[in-house]
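Only one structure is covered here, and it is reproduced in the block below.
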Amino acid sequence: MSHSVRDKVIFFTGAFGLIGQEVATYFMEQGARVVWADLRPQNEVIRVLHERFDEASFLVLPLDITSPESCQQAVEQATGYFGRIDVLVNCAAIDAKYDADAPMNQSRFENYPLEALRQSVEVNVIGTIVITQEVCKQMLRQGHGNIINVASTYSLVAPNQSLYDFGQGTIHYKPVDYVASKSFIPNFTRYLATFYASENIRCNAIAPHGVLHKHGEAFLENFARLSPMGRMCEREELRGPFEFLASDASSYMTGSVLTVDGGWTAW
């Protein structure tokens, strides 16, 4: 069974995010054809794609996964362009990050705004279901498919809130909306895996944690102290796990959660 993704058509939601850009670009370097679907496609990234790759090997689509109409249109455009969808990667999500590009969250659980919770559920739960429904219709028509859901270590364990204490007198918190909505992913993965097992559609999840990106020194020190491997994940280290799940090498895997966290959930 080959580890290759060459000639596979891979539909990537959240393709312009941190993980999305890294993995979608790597897939194309390995000869895959990729649908770059995102709520906000980035012109600079698109320009680089046109410079580096044959235009026949990728398609950029605006996609709002919370909109059934947007999802239906995107799947129709993707299949019209490539003829099929071999792999769906559900990477689009709302996440409260702790790098230089994101504001810190100071809301304790008892004060967390319900509107923020509803928004995360709308995207991370309902939106993931809506786009998966549309892609599954196409996979059933073509007789095969492979779904990769992007979970999180916070799908598996609670956040260690001391990670977000930077010794400045104010503790920041990983909010409940992300934990609640991402905890849905592992069981959703098992649901799809067992529902479609007899129809040649597989579904697995990958649970990354702590991808390095413009983090402050205090955060990096906390992370190193709490992680068995003593460091955050480099983006390149996600390539292999995603490639494995997208390839035929994982053909007897379905309903599994592949944890890529430097041992974070091991203690």
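Okay, so the sequence shown: first residue is 1 according to full-length UniProt numbering, each after it adds one. We put the beta carbon where it would ideally sit given N, CA and C, even for glycine. Given the structure is predicted, the values throughout are model-derived calculations rather than measurements.
{"Check": "Taking the straight line between their C-alpha atoms, what separation do you get for Gln168 and Phe219?", "Outcome": "12 Å"}
{"Check": "Going straight from the alpha carbon of Gly127 to that of His215, what length do you get?", "Outcome": "28 Å"}
{"Check": "Taking C-beta to C-beta, are Ile65 and Gln138 nearer than 9 Å?", "Outcome": "no"}
{"Check": "Thinking C-alpha only, which one of Tyr252, Gly83, Glu243 and Ser2 is nearest Val135?", "Outcome": "Gly83"}
{"Check": "Find the nearest neighbour of Leu39 within the set Gln21, Tyr112, Arg47 and Leu61, judged by alpha-carbon distance.", "Outcome": "Leu61"}
{"Check": "Would you mind stating whether Ile147 and Cys203 have Cβ atoms separated by less than 9 Å?", "Outcome": "yes"}
{"Check": "Which complete alpha helix (DSSP H) runs does the segment 133-216 hold, if anything under 4 residues is left out?", "Outcome": "176-182 and 184-196"}
{"Check": "Could you give the DSSP three-state label for Leu63: helix, strand or coil?", "Outcome": "coil"}
{"Check": "Taking the beta carbon of Asp99 as the centre, do at least 16 other beta carbons fall within 10 Å, making it buried, or is it exposed?", "Outcome": "Here the model assigns Asp99 a pLDDT of 47, short of 50, so the residue's position is not dependable, and the following value carries that caveat. With fewer than 16 other Cβ atoms within 10 Å, it is exposed."}
{"Check": "For the alpha helix (DSSP H) that contains Asn124, what are its first and last residues?", "Outcome": "That residue, Asn124, is in no alpha helix (DSSP H); it is neither H nor E in DSSP."}
{"Check": "List, from N- to C-terminal side, the beta strand (DSSP E) runs of 3 residues or more that fit wholly inside the segment 5-43.", "Outcome": "9-13 and 33-38"}
{"Check": "Are the beta-carbon atoms of Leu163 and Ala207 separated by less than 9 Å?", "Outcome": "no"}
{"Check": "What residue does the beta strand (DSSP E) around Leu88 start on, and which one ends it?", "Outcome": "Val87 to Asn90"}
{"Check": "Could you tell me the distance, in whole angstroms, from the CA atom of Gln119 to the CA atom of Trp36?", "Outcome": "23 Å"}
{"Check": "Would you mind working out which of Ala197, Tyr252, Asn160 and Glu236 sits nearest Ser227, comparing C-alpha positions?", "Outcome": "Asn160"}
{"Check": "My understanding is that Ser247 touches Tyr173, with C-beta atoms under 8 Å, so please give their C-beta distance in whole angstroms.", "Outcome": "Between Tyr173 and Ser247 the Cβ distance is about 38 Å, and since that is not below 8 Å, they are no contact."}
{"Check": "Got a sec? Which residues, its chain only, sit under 7 Å from Pro68 by beta carbon, not counting five neighbours each side?", "Outcome": "Val130"}
{"Check": "How would you call Ile19, buried or exposed, if buried means at least 16 neighbouring beta carbons within 10 angstroms?", "Outcome": "buried"}
{"Check": "Roughly how many angstroms lie between the CA atoms of Glu44 and Pro186, to the nearest whole one?", "Outcome": "34 Å"}
{"Check": "If Ser70 and Leu63 are in contact, beta carbons under 8 Å, what's the gap, nearest whole angstrom?", "Outcome": "6 Å"}
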